[in-house]
Ligand code: 4AD
Ligand code: MG
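In UniProt numbering, the protein residues as written are 2 to 482.
#1: Thinking residue 129 and residue 160 are a contact (beta carbons under 8 Å), I'd like their distance in whole angstroms, please.
#2: By Cβ distance, which residues of its chain are closer than 6 Å to residue 426, with the 5 residues on each side in sequence left out?
#3: Give every residue of the same chain whose Cβ lies closer than 7 Å to the Cβ of residue 355, excluding the five residues on either side of it in the sequence, and list them in chain order.
#4: So the beta strand (DSSP E) residue 213 belongs to, where does it begin and stop?
#5: So the alpha helix (DSSP H) residue 270 belongs to, where does it begin and stop?
#6: Between the beta-carbon of residue 548 and the beta-carbon of residue 451, is there less than 9 Å?
#7: Taking Cβ to Cβ, would you say residue 361 is nearer than 9 Å to residue 330?
#8: Does the segment 219 to 234 come close enough to the segment 375 to 391 to have 3 or more Cβ pairs within less than 8 Å?
#9: Verify the contact flag: residue 205, CB atom, against every heavy atom of the ligand 4AD, threshold strictly below 8 Å.
#10: With distances taken from CA atoms, which of 359, 408, 344 and 422 is nearest residue 382?
#11: Quick one: does the C-beta of residue 97 sit closer than 8 Å to a heavy atom of the ligand 4AD?
#12: Just mark residue 435 as buried or exposed, buried being the case when its beta carbon has 16 or more other beta carbons within 10 Å.
#13: Using three-state DSSP, classify residue 423 as helix, strand or coil.
#14: So, with DSSP's three-state summary, where would you put residue 340?
#15: Which residues share a DSSP beta bridge with residue 450?
#16: Quick one: Cα of residue 386 to Cα of residue 270, how far?
#17: Between the segment 307 to 317 and the segment 257 to 269, do at least 3 Cβ pairs fall closer than 8 Å?
#18: Say the cut is 8 Å; is the CB of residue 405 nearer than that to a heavy atom of the ligand MG?
#19: Beta-carbon within less than 8 Å of residue 311's beta-carbon, same chain only, minus the 5 sequence neighbours each way: which residues are those?
#20: What number of angstroms, rounded off, separates the C-alpha of residue 286 from the C-alpha of residue 463?
#21: Any heavy atom of the ligand MG closer than 8 Å to the Cβ of residue 210?
#22: Would you tell me roughly how many angstroms separate the C-alpha atoms of residue 396 and residue 371, rounded to the nearest one?
#23: With H, G and I counted as helix, E and B as strand and the rest as coil, what does DSSP make of residue 132?
#24: Can you look up residue 462 in the DSSP assignment and give me helix, strand or coil?
#25: Consider the Cβ of residue 15: report whether some Cβ of chain C lies at a distance smaller than 9 Å.
#26: Give every residue of the same chain whose Cβ lies closer than 7 Å to the Cβ of residue 126, excluding the five residues on either side of it in the sequence, and list them in chain order.
#27: With DSSP as the reference, label residue 188 as helix, strand or coil.
#28: Taking the continuous alpha helix (DSSP H) assigned at residue 320, which residues delimit it?
#29: Taking 8 Å as the threshold, find out whether the segment 91 to 100 comes into contact with the segment 230 to 248 through three or more Cβ pairs.
#30: Measuring CB to CB, does residue 241 end up less than 9 Å from residue 170?
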């Protein structure tokens, strides 16, 4: 019955026609101008009510947040900032919203405040734009892989494996009310198992993905993953989405090429399909930056930043070279780093990553060949180098303002080397016997990586807190709905 506002605003053919619009009231001015938003676009449509011939009681119910239906003719608007408006002939309230109680007012609210009413923040322009961009990025990811004949492989959420070997997992429990033992107080005594087997929520689909790649050739997973690290940062969630491609017969260089292509492709897709959202987010940031001293404002606006990334090659550097750059850097020598870099082998802290990406190279950086000690057991081992250093064919992609966005590697395909490394870090071979079969039967070079989807969205939207780019953020003590 109704037409979505986006259609009316972008299609001149509606001028002169009668339409029905349904949406939520954003503002109501001078007892006649209603700004209506139906979510289809960031823009509101203005409906002009004939207040002299409208019941006063009805006019009182046109309040911010109420849902409304208006019928009327689309006419060219004389007012500034809008091309058309609706000359209302009939108006009705679909759902009231008590203006005394509705927490969103027609003004700019802080992101902190909106996080406290996360269930209602969808109704703001900022979150409308963010979740449209999130959708576009997800769609582009599938399109990118589909164009390259990758198979979307659904890997399990409940699994017995700890892919990263880091142990930061949520355990799964079976809840059988009738047969579950009760504690003395009568409360259910949760069994920490999955029908008698110990399982957890997946931290990564990689190991299962490798099984797929070693038969289908090229696969990817794209789903929620879980980390039980108790970190309250602007870059970590307990539940986040990860894009994980895995490719047979790919070496590290092929892996880097694919990751760079993927990131550029999806950013380009957003620039092409979401120009209004990016413009809105860009202006939001510029507004925010006005409050900062001039030397703290960024040199490029959001649009320029995104355009720069898709048009420039990422820098590729080994860990060993990066450590040399850091050692010689001013902040390190002046002891401005909280953790100074003195020795080969140290894990990079975010201050070091930021220095490399934002101050030294000023572009996305792919860091490779990390010390084996600080990386996962499954990464392909390099020959020991002239300095006696043991490295692995790892690659992390670091982004300005974000830090690590991608983690990946070429995989160790040699069974004996893999077993030796597992023994060193204390992983039992029986635990992942199924995984080791890929190395027992027709092993082959292969590679893959994982993109943190929310970190990608942070970069593309210019937002700074990861809790603002996922509809229902999960972080310590936050899982209400
Ligand atoms: O570096 P990570 O832990 O790598 C893996 O899980 C590999 N198995 C991926 C693979 O090779 N298939 O995680 C990959 C990315 C990180 O670079 C980061 O962007 C994101 O996932 N990430 C998180 N994002 C939000 N919250 C967290 N707690 C995250 N932990 C990792
Ligand atoms: Mg990592």
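Note that CB positions come from ideal geometry on N, CA and C, so glycine has one too. A quick note: this is a predicted structure, and the numbers were derived from the prediction, not measured.
Concretely, from the data shown:
#1: Residue 129 to residue 160, Cβ: 35 Å. No contact.
#2: 378
#3: 404
#4: Note, residue 213: premise wrong, no beta strand (DSSP E); alpha helix (DSSP H) at 207 to 217.
#5: 253 to 274
#6: The first residue shown for the chain is 2 and the last is 482, placing residue 548 beyond what the model contains.
#7: yes
#8: no
#9: yes
#10: 422
#11: no
#12: exposed
#13: helix
#14: coil
#15: 409
#16: 42 Å
#17: yes
#18: yes
#19: 265, 268, 269 and 272
#20: 7 Å
#21: no
#22: 8 Å
#23: helix
#24: helix
#25: The chain labelled as chain C is not found in the depicted structure, where only one protein chain is given.
#26: 43 and 281
#27: coil
#28: 320 to 329
#29: no
#30: no
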